[in-house]
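> For the sequence shown, the positions run 1 to 438 when the UniProt record's numbering is used.
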Amino acid sequence: MIPVIALVGRPNVGKSTLFNQMTRSRDALVADYPGLTRDRKYGDGKVGEHEFIVIDTGGISGDEVGIDEKMARQSLLAIEEADAVLFLVDGRHGLNPADEMIADHLRRSNKPIYLVVNKTDGINEDIALADFYSMGLGDLHPIAASHGKGVHVLVDKVLLPFAERIQEARDQIDIESKGIRIGVVGRPNVGKSTLVNRMLGEDRVVVFDMPGTTRDSVYIPYTRYDKEYTLIDTAGVRRRKHIKEAVEKFSIVKTLKAIQDANVVIVVIDAQEDLVEQDLHMIGYVLDAGRGVVIAINKWDGMTKDDREHIKKEVERRLGFIPYAKVHYISALHGTAVGDLYDTIEDTYESCYAKWSTNRLTRILEDAVAEHQPPMVKGRRIKLRYAHQGGSNPPRIVVHGNQTGSLPGSYKKFLENKFRQVLHIMGTPISFEFKSSD
Ligand code: GDP
Ligand code: GDP
């Protein structure tokens with residue numbers, strides 16, 4: 001349901017700069033297709049109230065051969081997955097033959113295309129635009145990505161046609177899905193489809209007849225021990241005929257959409273392959289999107305003791321930044337420990353959506369302060385008076401007091417741990433906001 005915007009243009013027109021303006025992700029997801037000379041980045045777009053997925057397609061110059069051709073083809077695939085394309089050109093350099101070639105590609109794509117003239121800061125806009133009318137791509141959209149100028153207006157224009165669709169899709173998902181929506185994501189071949197099949201094949205599971213198939217992913221509602229869930233199947237389990245297709249069918253956009261649609265996301269990692277950057281990026285993306293995360297280290301069967309030790313160390317080392325995420329070691333193939341995922345899914349969901357009273361939060365704050373006072377600053381002790389919930393998914397706790405701006409990081413960490421422990425918050429970061437009356 002979330003719209004996807006692709007950024008296209010020859011190298012150096014300012015795509016990365018615009019990408020950074022449009023995203024607030026800590027981690028852009030990077031496609032690690034072999035042979036790419038430049039990364040294609042996927043980010044969680046946020047401009048004003050709009051949320052969307054943005055893809056920086058890397059450079060297309062229009063006359064690629066060899067590796068560049070492969071890259072261009074990947075970019076074109078990304079364009080296929082996009083709902084709208086921002087075609088960037090350089091307002092300082094004027095029309096370039098490569099722009100014309102890209103325009104040809106784009107015209108064939110049948111997507112809404114916005115011709116965006118970048119770098120219009122400090123130059124005469126009319127003159128900068130004049131060159132590009134001849135491309136016949138309709139209105140021109142002047143921006144200065146490095147200054148953020150024109151970006152908000154542009155995104156408003158691009159997303160306006162989707163507003164209704166997004167609402168309809170949201171309603172639709174609410175109708176078609178039941179209970180907690182569980183996303184299963186991971187790199188190709190980590191065992192997503194095997195896991196989805198295993199989860200649906202459990203004794204206690206009753207799958208409803210009609211999965212929703214109107215969107216990119218398939219929604220499979222089911223019950224387990226009389227509790228309702230909906231699996232979001234990105235792997236295409238229910239549609240796929242040949243296992244071999246999986247690798248080609250793997251799509252980061254599909255993955256990101258599933259994450260957006262899910263309440264809790266199982267990130268599947270292949271124990272027999274070590275953790276790679278993309279696994280970590282995917283986890284980062286889930287957290288950026290404010291979704292709960294559960295880690296499943298799959299293919300735990302058939303591993304030697306040494307290999308197991310090695311992976312456990314790797315997990316400790318590389319997933320140390322999310323100590324609150326529960327890690328399950330499973331075998332989707334044999335079903336080992338798959339059922340255990342549910343307790344974590346439930347707890348994680350609770351953590352993401354729970355509501356706590358101001359009383360309760362303030363009491364936890366008071367207990368924390370009694371246990372360990374905040375430090376003195378300039379002869380006065382930092383005071384923390386009360387706490388209330390500022391939001392959920394991820395949970396946000398607002399702490400009020402005096403001189404909170406001087407609160408050391410270590411103390412904030414201490415508070416976070418306290419709240420986490422008392423409220424049993426798992427699978428999600430907690431965001432804190434400190435407000436000061438002086
Ligand atoms: P990409 O190769 O298309 O991703 O382009 P980049 O985002 O890396 O930008 C290429 C160069 O153009 C960098 O030096 C940017 O600082 C510069 N640039 C990007 N946007 C603007 C802009 O709005 N105004 C100006 N003056 N320079 C910009
Ligand atoms: P997907 O691309 O992530 O959906 O991965 P698949 O579910 O298609 O699995 C890829 C390959 O890994 C298949 O050959 C599976 O049989 C195998 N596989 C999946 N789960 C396990 C597991 O728990 N143990 C082992 N040994 N193999 C597995």
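No residue lacks a Cβ here, since even glycine has one placed at the ideal position from N, Cα and C. Quantities reported herein were computed from a predicted structural model and do not represent experimental measurements.
Answer with buried or exposed for I127, where buried requires no fewer than 16 other C-beta atoms within 10 angstroms of its C-beta.
Answer is exposed; the Cβ neighbour count stays below 16.
> Are L333 and I295 touching if we call contact CB-CB under 8 Å?
Contact flag unset, no.
> Taking only the alpha-carbon atoms, compute the straight-line gap between I5 and E164 and give it to the nearest angstrom.
Straight-line Cα distance between these residues: approximately 17 Å.
> Is K254 near ligand 4, with its Cβ less than 7 Å from a heavy atom?
With respect to ligand 4, the structure offers nothing, as its ligand set consists of ligand 1 and ligand 2.
> Can you tell me whether K254 is buried or exposed, with buried defined as 16 or more other CB within 10 angstroms of its CB?
K254 comes out buried.
> State yes or no: is the C-beta of V264 within less than 8 Å of the C-beta of I330?
The answer is no: Cβ separation not under 8 Å.
> Going along the chain, which residues of its own chain have a beta-carbon closer than 6 Å to the beta-carbon of I55, five neighbours each way excluded?
Result list for I55: A6, Y42, A78, in chain order.
> Between G48 and the rest of its own chain, which residues show a CB-CB distance below 8 Å, the 5 nearest in sequence each way excluded?
H152, V155, D156, listed in sequence order.
> Does the Cβ of S251 have 16 or more other Cβ atoms within 10 Å, making it buried, or fewer, making it exposed?
Under this definition S251 is a buried residue.
> Could you tell me whether the segment 192-201 touches the segment 357-369, where touching means 3 or more Cβ pairs closer than 8 Å?
With the cut-off at 8 Å, the segment 192-201 and the segment 357-369 do not touch.
> Would you say the beta carbon of L231 is closer than 7 Å to some non-hydrogen atom of ligand 2?
No, ligand 2 has no heavy atom inside 7 Å of this Cβ.
> Going by CA-CA distance only, name the one from T120, I123, A103, D121 that's closest to Y114.
Cα-wise, what sits closest to Y114 is A103.
> Could you say if the segment 402-414 and the segment 370-382 meet the contact criterion of at least three C-beta pairs nearer than 8 Å?
Segments in contact, yes.
> Can you confirm whether the segment 266-274 touches the segment 76-91 when touching is taken to mean that 3 or more C-beta pairs between the two stretches lie within less than 8 Å?
The segment 76-91 vs the segment 266-274: no contact.
> Do F375 and T428 have their CB atoms nearer than 8 Å?
According to the sequence shown, residue 375 is Pro rather than Phe. Taking 8 Å as the Cβ cut-off, P375 and T428 do not qualify as a contacting pair.
> Got a sec? Which residues, its chain only, sit under 6 Å from R240 by beta carbon, not counting five neighbours each side?
Interpretation of R240 is limited by its pLDDT of 42, a score under 50 that renders its predicted location unreliable; the figure taken from the coordinates is listed afterwards. Nothing meets the Cβ criterion.
> In whole angstroms, what is the alpha-carbon distance linking I232 and A262?
Cα to Cα, the separation comes out at about 7 Å.
> If you measure from the CB of P11, is any heavy atom of ligand 1 nearer than 7 Å?
Yes, since a heavy atom of ligand 1 falls inside the 7 Å radius drawn around the Cβ of P11.
> With DSSP run on the structure shown, which of helix, strand or coil describes V267?
Strand.
> Suppose you measure from the CA of T344 to the CA of T230; what does that come to, to the nearest Å?
Straight-line Cα distance between these residues: approximately 16 Å.
> If you draw a straight line from the C-alpha of K149 to the C-alpha of K119, how long is it?
When rounded, the distance between both Cα atoms is 9 Å.
> For ligand 2, any of its heavy atoms closer than 7 Å to the Cβ of D301?
True, at least one ligand heavy atom lies under 7 Å from that Cβ.
> Span of the alpha helix (DSSP H) holding A370?
It spans 358-371 - the alpha helix (DSSP H) in which A370 sits, taken as one unbroken run.
> Using three-state DSSP, classify residue 478 as helix, strand or coil.
Given a span of 1 to 438 for the chain in the structure shown, any question on residue 478 remains unanswerable.
> Roughly how many whole angstroms lie between the Cα atoms of H310 and L275?
C-alpha separation (whole angstroms): 11 Å.
> Would T23 and G9 be called neighbours here (beta carbons separated by less than 8 Å)?
No, these two residues do not count as a Cβ contact at 8 Å.
> Classify E51 as helix, strand or coil using the three-state DSSP reduction.
E51 falls in the strand class under three-state DSSP.
> Could you check what DSSP says for K378 in three-state terms: helix, strand or coil?
Reduced to three states, the DSSP call for K378 is coil.
> Compute the minimum distance between the beta carbon of V190 and the heavy atoms of ligand 2, and state whether it is under 7 Å.
Yes, since a heavy atom of ligand 2 falls inside the 7 Å radius drawn around the Cβ of V190.
> Suppose the cutoff is 7 Å on Cβ atoms and the five residues either side in sequence are ignored; what does the same chain contact list for F132 look like?
Hits under 7 Å: V89, L95, L115, V117, L140.
> According to the neighbour-count rule (16 or more other Cβ atoms, all chains shown, within 10 Å of its Cβ), is I220 buried or exposed?
By the 10 Å Cβ count, I220 comes out buried.
> Here's a check: name, in chain order, each residue in its chain whose Cβ is nearer than 8 Å to the Cβ of G405, leaving out the five neighbours to either side.
The answer, listed in chain order, is F434, S436.
> Residues in its own chain within less than 7 Å of H242 by CB, not counting five upstream and five downstream?
Any reading at H242 must be qualified, since the residue scores a pLDDT of 41, below 50, and its modelled position is unreliable; no value is offered.
> Say yes only if the C-beta of A144 is nearer than 7 Å to one or more non-hydrogen atoms of ligand 1, and no if none qualify.
True, at least one ligand heavy atom lies under 7 Å from that Cβ.
> Counting along the chain, where does the alpha helix (DSSP H) carrying Y285 start and finish?
Y285 -> alpha helix (DSSP H) spans 277-288.
> Quick one: Cα of A289 to Cα of I2, how far?
Approximately 12 Å between the Cα atoms of the pair.
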